[in-house]
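Enquirer: Encoded as structure tokens, here's the structure I'll be asking about.
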Amino acid sequence: MKTTKPHVALLASPGMGHVIPVLELGKRLVVYHEFQVTIFVVATDAATVESQLRNLPNPNLFNVVSLPPVDISGVVDPAASIVTKIIVMMRESLPALRSAISAMSLRPTALIVDLFGSEAMVIADELKMLKYVFIASNAWFLSATTYFPTIDKQLEEEHINQQKPLMIPGCKPVPFEDTLEAFLDPKDQVYVEYLRLGLEIPKADGVLINTWEDLETATLAAMRDTTSLGRVTKVPVYPIGPLVRQVTPPALEDSVLGWLDKQPTESVIYVSFGSGGTLSSKQMIELAWGLEQSQQRFVWVVRPPMDNDASGTFFEVGNGSDGTPNYLPDGFLTRNSEKGLVVQKWAPQAELLAHPSMGGFLSHCGWNSTMESILNGVPMIAWPLYAEQKMNATMLTEELGVAVRSKELPTTERIVEREEIETMVRRIIVDKEGHGMRSRVKKLKHSAEKATSIVGSSYDSLSKVAKDCEIGLLSHMSKALGA
Ligand code: UDP
């Protein structure tokens, strides 16, 4: 029987923070396993997606399909949370996804959806495909997501109202301060949606996670412990990470990289809040003063402040300038023209973090940013804003010892003052404490590189998934022949 390689379809939720890791997973399936891959994206500008795909080996095996835009204005409250909006967009895109997959001459053997795409697994069932969920975050987050919907009302009351930690069997407890916003209000649509997806994920044939064995050994062991009654994810888990965008030489000369070339090694702090994070106007001013007073070099990706919404620009990723950013303190750009660079909206982050001049990363702790920082051996200032970022910040500061953070968490109401920002920058770049963090993060970098090498645990995990897809394809083919 002539065998061919499987075709795998991947579905990415809106937002570059969701699209980038799915693209990276697709690339690995093409490059390491020679699979044909189709990536479906929802509400994400095709040109921005294409910009992530430069220098792709085997481009003929890689296909990106933008599903038609959906109008959710009639089905979702304009004030709904960003997660609700994303989930509803994904739901409204299901008919287009079903038609697109059904029309494919080479039917995919498997559908891999990301966190917010779990409802699409019904399409995989209908079309007799294998189905996987790809969590572009860590195993601790996955354990909270799948465990919370299974707890009884009393435990929920203890965690949410009495503010006790969420005790997850075999895993680190989630302190109330770090808990996911989705768990906080049972009357909010996001609560209902989130609970549903927490119950849906374990129905997959397996869950791929952007982490690696040595980073989260205990949590992963708890997930696989079949003797535990409270086992939190009852399907195979495959830690396949860290998958981060591989750095390619810039298409055009990049002025920021050129500036970095002239700075001393490990001297610059990079400041960015991911693809959609925004600060309040007051916080922008304090951050500007904090950077200036630290007297350290910086590259800061700015976007206009928003006073009540930390994820305010989530759907508006794009390059380009809004003119001179008039929300910064008067004279800030002139006074800091030697020491710092301000980039508007979007910077080539993976390339910047890989530069030898980078000495620290003030980050909102999105998991992609976290992985990029670790893989470049760059210690962090943790500044979580939303989603699971507070859990990530706790892991980085308390468990891994590779980040510092403010005494109190920044919120839309609570400002971190300039003096504290100045101190945090100096702790990372200048103080002895920063050297210790740098050496710990470099150890993690080596551990991550080992995991993704072709003899590593993450490579092995992805190979197991690939093998299952190959078996799935063979079984389809023999059924087709027998029919
Ligand atoms: N990113 C980038 N340039 C920017 C901001 C973000 O390249 O100016 C990339 C970043 O490298 C990362 C992703 O966008 O790969 C952001 O993902 P993350 O999980 O850190 O945060 P999110 O955007 O989902 O909040």
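Mapping to the UniProt record's numbering: the sequence shown position 56 is 56, numbers consecutive. Glycine included, each C-beta is placed from N, C-alpha and C at the ideal position.
1. Quick check: is any heavy atom of the ligand UDP less than 7 Å from the C-beta of residue 266?
2. Would the segment 228-243 count as touching the segment 406-424 if we require 3 or more Cβ pairs under 8 Å?
3. Please confirm whether any heavy atom of the ligand UDP lies closer than 7 Å to the CB of residue 336.
4. Spatial neighbours of residue 4 within its chain, please: CB distance less than 8 Å, with the 5 preceding and 5 following residues excluded, ordered by chain position.
5. My output table needs one value for residue 230: the three-state DSSP class, helix, strand or coil.
6. On a Cα-Cα basis, can you pick out the residue from 132, 267, 406 and 300 that is closest to residue 277?
7. Can you list, in chain order, the residues of its chain whose CB lies under 6 Å from that of residue 390, leaving out five sequence neighbours each side?
8. Use the C-beta contact count for residue 9: other C-beta atoms within 10 angstroms, 16 or more gives buried, fewer gives exposed.
9. Using a Cβ-based criterion (distance less than 7 Å to any ligand heavy atom), does residue 223 qualify as near the ligand UDP?
10. At what residues does the beta strand (DSSP E) containing residue 403 begin and finish?
11. Between residue 55 and the ligand UDP, is there a pair consisting of the residue's CB and a ligand heavy atom that are separated by less than 7 Å?
12. The alpha helix (DSSP H) that contains residue 289, what's its start and end?
13. Could you check if residue 301 belongs to the surroundings of the ligand UDP, using beta carbon to heavy atom distance under 7 Å?
14. Just the Cα atoms here: how many angstroms apart are residue 47 and residue 227?
15. Does the beta carbon of residue 337 come closer than 8 Å to any beta carbon on chain E?
16. Give me the DSSP bridge partner(s) of residue 209.
17. Buried or exposed for residue 77, please, with buried defined as at least 16 other CB atoms from any protein chain shown within 10 angstroms of its CB.
18. When the Cα atoms are used, what is the spatial distance from residue 478 to residue 108?
19. Report buried or exposed for residue 355, applying the criterion of at least 16 other Cβ atoms within 10 angstroms of its Cβ.
20. Leaving out the 5 sequence neighbours to the left and right, which residues in its chain are closer than 7 Å to residue 213 when beta-carbon positions are compared?
21. Could you pull the DSSP bridge partners for residue 297 from this structure?
22. Say yes only if the C-beta of residue 245 is nearer than 7 Å to one or more non-hydrogen atoms of the ligand UDP, and no if none qualify.
23. Do you know how far the Cα of residue 435 is from the Cα of residue 308?
Expert: Looking at the coordinates:
1. Relative to the ligand UDP, even the nearest heavy atom lies 7 Å or more away from the CB of residue 266.
2. No: fewer than three Cβ pairs fall under 8 Å.
3. The nearest non-hydrogen atom of the ligand UDP is 7 Å or more from the C-beta of residue 336.
4. Closer than 8 Å at the Cβ level, and outside the excluded window around residue 4, lie 473.
5. Residue state, collapsed to three classes: coil.
6. The shortest C-alpha separation from residue 277 is found at 300.
7. The residues are 178 and 384.
8. Burial is judged here by how many other beta carbons sit within 10 angstroms of a residue's own beta carbon; residue 9 has at least 16 and is buried.
9. Result no, Cβ not under 7 Å from the ligand UDP.
10. Note, residue 403: beta strand (DSSP E), 403-405.
11. In this structure, the ligand UDP has no non-hydrogen atom nearer than 7 Å to the beta-carbon of residue 55.
12. It spans 281-294 - the alpha helix (DSSP H) in which residue 289 sits, taken as one unbroken run.
13. Yes, the Cβ of residue 301 comes within 7 Å of a heavy atom of the ligand UDP.
14. If you draw a straight line from the Cα of residue 47 to the Cα of residue 227, it is about 48 Å long.
15. Among the chains in the structure shown there is no chain E, since it carries only a single protein chain.
16. Note: residue 209 is bridge-paired with 135 and 239 in the DSSP secondary-structure output.
17. Its Cβ having fewer than 16 others within 10 Å, residue 77 is exposed.
18. Going by the C-alpha atoms only, they are around 16 Å apart.
19. Residue 355 is buried by the Cβ-count criterion.
20. Sequence-distant partners of residue 213 (beyond 5 residues in either direction) whose C-beta falls short of 7 Å from its own C-beta, in its chain, are 220, 239, 451 and 457.
21. Partner(s): 268.
22. Correct: residue 245 has its Cβ closer than 7 Å to the ligand UDP.
23. Between the C-alpha atoms of residue 308 and residue 435 there is a straight-line separation of about 36 Å.
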